[in-house]
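> What follows is a single structure, and I will ask about it in a moment.
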Amino acid sequence: MSDHGDSGTCPNILETTLAAALQDQRTVDEQRQSIAPLLDGMSFYDSIRHNDDRGSVTEIYDPRWGWHPDPLVFSYVFTVRPGMVKGWGLHKLHEDRYFVVSGELELVVYDPRPDSSTYGKISKVYLSGSRPRLVNIPKFVWHADHNIGMSDAVVINFPTIQYDHSNPDKYRLPIDSDLIPYDFGSAKGW
């Protein structure tokens with residue numbers, strides 16, 4: 000007895016499975032640069048790592064690049080442990096500007112700004128120490144930092160204002176909030 004059945008009475012498995020499948024969408028342009036949509040006001044600045052037999056040097060931030068209009072006024076480093084999420088967080092007074100030194104980070108952003116062309120959209124950005132670049136997170140955008148790697152993600156932040164310990168510009172929602180249409184699955188954090 001044949002496992003294939005009679006082609007006149009059984010649906011063709013190839014046609015059936017392809018009819019139910021979704022084709023992957025294009026993710027890069029002709030120069031192999033990501034075309035993943037960012038939220039209004041977000042941008043990248045690709046840095047360059049210079050390697051030789053002794054090690055490497057990577058420029059992290061230089062105002063002469065003209066990447067961001069706000070000056071460098073403050074910086075700090077933070078880590079996210081493997082599988083953990085820091086977020087959801089939002090700032091009313093400043094932008095964050097991230098640079099991942101090592102590890103792998105999925106930055107998930109949600110746009111609640113009513114006047115934005117990306118209002119109500121989620122965007123995911125993948126940052127890694129192996130691809131040095133800066134990314135900014137605009138004011139009034141919810142964001143969460145999800146470590147998707149096997150080691151601590153080490154991130155330098157260059158916020159556009161200095162931290163005010165007496166009145167922090169930080170607003171939080173839990174990572175499983177019903178107010179943001181995103182699910183981190185089994186990841187833990189706050």
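Counting in numbering that gives the first Met the number 0, the sequence shown runs from 0 upward without gaps.
Quick reminder that beta carbons are idealized off the backbone N, C-alpha and C, glycines included.
Since the structure is predicted, the reported quantities are computational estimates derived from the model, not experimental observations.
Thinking TYR162 and LEU89 are a contact (beta carbons under 8 Å), I'd like their distance in whole angstroms, please.
Contact flag wrong, Cβ pair sits at about 15 Å.
> What would DSSP say about GLU58, mapped onto helix, strand or coil?
coil
> Taking only beta-carbon positions, decide if PRO10 is within less than 9 Å of chain D.
Of the chains in the structure shown, none is chain D; there is only one protein chain.
> I'd like to confirm the pairing. Which residues does DSSP put opposite MET83 in its beta bridges?
LYS187
> What are the complete beta strand (DSSP E) segments, minimum 3 residues, inside the region 9-60?
Counting only unbroken stretches of 3 or more residues, the beta strand (DSSP E) elements lying wholly within the region 9-60 are 43-45, 48-51 and 54-57, in sequence order.
> Can you look up TRP64 in the DSSP assignment and give me helix, strand or coil?
For TRP64, the three-state secondary structure derived from DSSP is helix.
> Would you call ARG25 buried or exposed, if buried means 16 or more other Cβ atoms sit within 10 Å of its Cβ?
exposed
> Taking the alpha-carbon positions, what's the SER116 to PHE139 distance?
14 Å
> Do VAL100 and VAL27 count as a contact pair if the criterion is CB distance below 9 Å?
no
> Are the CB atoms of GLY148 and PRO81 within a distance shorter than 9 Å?
GLY148 is positioned such that its CB atom lies closer than 9 Å to that of PRO81.
> Please work out which residues of its chain come closer than 6 Å, Cβ to Cβ, to PRO70, disregarding the five sequence neighbours upstream and downstream, and give them in chain order.
Counting only residues of its own chain and dropping the five nearest sequence neighbours on each side, PRO70 has no CB closer than 6 Å to any other CB.
> Less than 9 Å separating the beta-carbons of ASN156 and VAL72?
Against a cut-off of 9 Å, the Cβ pair of VAL72 and ASN156 comes out as no contact.
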